[in-house]
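So the structure is just underneath, and the comments pick up after that.
Residue numbers (this note's numbering): 71 to 164.
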């Protein structure tokens, strides 16, 4: 039984390594979604089913970061939304 559990854990670890993702590098935890600080590169995680807090917005559909360092995580490090929801490029230091 112990070797069966070990084999299952080893298989799960190998699958995570091969796919390049793991729970440790997820943008938000289970039951949460990422939100963007309007006018800044800041972000936070919001519980599923709740609206973003004041000053935050949902990421545009199809442009939501899912893992730290993924395409959209990098994109939003120098882009944000303005108060009208338009994507803008950040200036240095914002």
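Even for Gly, the Cβ is constructed at its ideal location relative to N, Cα and C.
{"Query": "Completely contained beta strand (DSSP E) runs for the stretch 91-116, where each covers 3 or more residues", "Result": "102-107"}
{"Query": "Identity of the residue in 112, 124 and 98 nearest residue 160 by Cα", "Result": "112"}
{"Query": "Residue 145 to residue 101 span [Cα, whole Å]", "Result": "24 Å"}
{"Query": "DSSP-derived helix/strand/coil call for residue 129", "Result": "coil"}
{"Query": "Cβ-based neighbour list, residue 127, same chain, cut-off 8 Å, excluding 5 preceding and 5 following", "Result": "105, 106, 108, 151 and 155"}
{"Query": "Enclosing beta strand (DSSP E) for residue 137 [first to last residue]", "Result": "Looking at the DSSP string, residue 137 is not in any beta strand (DSSP E), and its letter there is neither H nor E."}
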